[in-house]
Amino acid sequence: NTDNQYDIWKTNHSEKLYSPILDYDFRFVNVIYESVTLENFQNKIREFHSIVKYQQTVNAIEMDSIYAHLSNSPNKCQKLFICVMLAYHIDIAQRKTKNLIKLSETFSSTDLLQTLYEIKSDDDLLPSEAKKLFPNTISALVRHNSSKHERQRFYNLLKTDVKPHINRINKIDKPLTYAIINISFFDMESCDFIVKEIIGKENMDQEIREFLGEIICKNLDSNNPSKLESYFESISEDLQVECASAFHKEFKKLMRYSGSTWNTIDSESMFKIFSQLFTSESDIVEILNLLS
Numbered sequence: 315n316t317d318n319q320y321d322i323w324k325t326n327h328s329e330k331l332y333s334p335i336l337d338y339d340f341r342f343v344n345v346i347y348e349s350v351t352l353e354n355f356q357n358k359i360r361e362f363h364s365i366v367k368y369q370q371t372v373n374a375i376e377m378d379s380i381y382a383h384l385s386n387s388p389n390k391c392q393k394l395f396i397c398v399m400l401a402y403h404i405d406i407a408q409r410k411t412k413n414l415i416k417l418s419e420t421f422s423s424t425d426l427l428q429t430l431y432e433i434k435s436d437d438d439l440l441p442s443e444a445k446k447l448f449p450n451t452i453s454a455l456v457r458h459n460s461s462k463h464e465r466q467r468f469y470n471l472l473k474t475d476v477k478p479h480i481n482r483i484n485k486i487d488k489p490l491t492y493a494i495i496n497i498s499f500f501d502m503e504s505c506d507f508i509v510k511e512i513i514g515k516e517n518m519d520q521e522i523r524e525f526l527g528e529i530i531c532k533n534l535d536s537n538n539p540s541k542l543e544s545y546f547e548s549i550s551e552d553l554q555v556e557c558a559s560a561f562h563k564e565f566k567k568l569m570r571y572s573g574s575t576w577n578t579i580d581s582e583s584m585f586k587i588f589s590q591l592f593t594s595e596s597d598i599v600e601i602l603n604l605l606s
């Protein structure tokens with residue numbers, strides 16, 4: 315039966331015509347999954363949303379159920395529906411744990427990313443209540459499949475879907491901007507993309523700069539001088555100032571623990587960073603003490 319699953323569920327609920335273990339009865343999702351098409355997609359997602367909103371513990375959006383559906387070689391609409399299921403699962407899970415969701419190594423993230431990329435131009439396909447959950451979902455998929463190729467696909471999605479909405483500084487939605495920074499930051503190389511392609515250099519104000527600086531400081535971790543120099547040179551001068559304390563810390567860590575393993579290139583990198591990072595007499599004395 316492909317009638318509206320929410321109406322059926324609500325009738326059963328009000329008339330107490332369901333099993334006491336409704337939390338583990340997710341046949342309604344199977345019906346939606348098997349009957350979803352491009353033509354009825356929005357209605358089917360609204361049915362799903364209506365049930366999940368009132369019954370957030372249903373097993374339908376547990377990973378076992380998502381894996382089971384994904385393993386059945388679904389068509390494009392079914393894959394998109396799986397993305398919606400995953401979005402609701404991640405939203406509920408992250409509100410409970412506050413941690414990033416990690417997908418299993420065998421999860422078919424490439425297939426789902428490809429589906430999202432193919433439908434990106436159809437802005438009306440996803441209902442708003444589902445669309446607002448997608449940033450964390452896309453981030454989880456890309457983090458799972460974080461090759462340069464997959465990361466570029468995510469960047470293309472952001473440039474297509476988000477960039478048009480960020481034009482002038484007085485029109486920027488700060489919470490949205492912060493969310494984009496959070497989900498786009500994979501490593502230091504992400505900084506250049508975020509500033510140039512998404513926010514825009516002309517839109518960088520002190521508040522955004524401080525927020526991005528905090529993210530950089532939190533994620534700054536280098537294991538050799540050349541990499542630290544590359545990180546430092548990859549960010550703008552104002553961000554270099556914002557993140558100076560974090561680079562000081564990394565520099566001193568390298569001085570303490572890896573000086574004996576440096577080659578000529580490493581030594582040159584350390585000298586370049588030193589000349590840019592340390593200007594006060596007390597800092598210079600501290601570094602000289604580390605050298606002695």
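Take the sequence shown: its letters are residues 315 to 606, numbered as in my numbering.
Positions of the beta carbon are idealized from the N, C-alpha and C atoms, including for glycine.
Any idea what DSSP makes of D425, helix, strand or coil?
DSSP places D425 in helix when its eight states are reduced to three.
Could you say if the stretch 341-348 and the stretch 415-431 meet the contact criterion of at least three C-beta pairs nearer than 8 Å?
Not touching, per the Cβ criterion.
On the CB-based measure, 16 or more other CB atoms within 10 Å of its CB, does I598 come out buried or exposed?
Flag for I598 reads exposed.
Consult DSSP for C391 and reduce its assignment to one of helix, strand or coil.
In this structure, C391 counts as helix in the three-state DSSP scheme.
I579: buried (16+ other C-beta within 10 angstroms of its C-beta) or exposed?
Its Cβ having fewer than 16 others within 10 Å, I579 is exposed.
Could you tell me the distance, in whole angstroms, from the CA atom of R359 to the CA atom of G514?
Checking the displayed sequence, the identity of residue 359 turns out to be Ile instead of Arg. Whole-angstrom Cα-Cα distance: 34 Å.
May I have the straight-line CA-CA distance separating A278 from F448, to the nearest angstrom?
Outside the shown range of the chain, which is 315 to 606, sits residue 278, and nothing can be said about it.
Go ahead and pull the three-state DSSP assignment for G527.
Note: G527 maps to helix in three-state DSSP.
Within 10 angstroms of its Cβ, does Y571 collect 16 or more other Cβ (buried), or is it exposed?
It is exposed - the Cβ of Y571 has fewer than 16 other Cβ atoms within 10 Å.
Using the C-alpha atoms, what's the distance from C505 back to D519?
Approximately 15 Å, taken between the alpha carbons.
For the alpha helix (DSSP H) that contains K541, what are its first and last residues?
Per DSSP, K541 belongs to the alpha helix (DSSP H) from 539-548.
In whole angstroms, what is the alpha-carbon distance linking V398 and A444?
About 7 Å.
What's the C-alpha gap between N357 and S442?
Near 12 Å, if we compare the C-alpha coordinates of S442 and N357.
Out of Q554, E600, E582, state which residue places its alpha-carbon closest to the alpha-carbon of K567.
Cα-wise, what sits closest to K567 is E600.
Please list the segments of the alpha helix (DSSP H) lying wholly inside the stretch 557-596, counting only runs of 4 or more residues, in order along the chain.
List check, alpha helix (DSSP H) in window: 558-571, 578-591.
Going by DSSP, what residue range makes up the alpha helix (DSSP H) through E351?
Looking at the sequence itself, residue 351 is Thr, so the reference to Glu does not match. No alpha helix (DSSP H) contains T351, which DSSP labels as neither H nor E.
Are the CB atoms of I396 and I404 nearer to each other than 8 Å?
No, the pair does not count as a contact, with Cβ atoms beyond the cut-off.
Using a threshold of 8 Å, state whether the C-beta atoms of F342 and I365 are closer than that.
Result yes, Cβ atoms of F342 and I365 sit closer than 8 Å.
Buried or exposed: which applies to F585, given that a residue is buried once 16 or more other Cβ atoms fall within 10 Å of its Cβ?
With fewer than 16 Cβ atoms within 10 Å of its Cβ, F585 is classed as exposed.
Could you have a look at S442 and say whether DSSP puts it in helix, strand or coil?
Residue state, collapsed to three classes: helix.
So which of Y381, D378, Q392 has the shortest CA-CA distance to F355?
Nearest of Y381, D378, Q392 to F355, Cα basis: Q392.
Measuring CA to CA, which of N538, L394, E419 is closest to T575?
Of N538, L394, E419, the residue nearest in Cα terms is N538.
Relative to the C-alpha of L455, which residue among K446, F421, D438 is closest?
Checking every option, the nearest Cα to that of L455 belongs to F421.
In whole angstroms, what separates the C-alpha of Y381 from that of N517?
Y381 and N517: Cα-Cα distance of roughly 41 Å.
Leaving out five residues on either side along the sequence, give the residues of the same chain with a beta carbon under 6 Å from the beta carbon of I549.
Here the set comprises C505.
Count the other CB atoms within 10 Å of the CB of V509; is the residue buried (16 or more) or exposed (fewer)?
Buried, by the Cβ-count rule.
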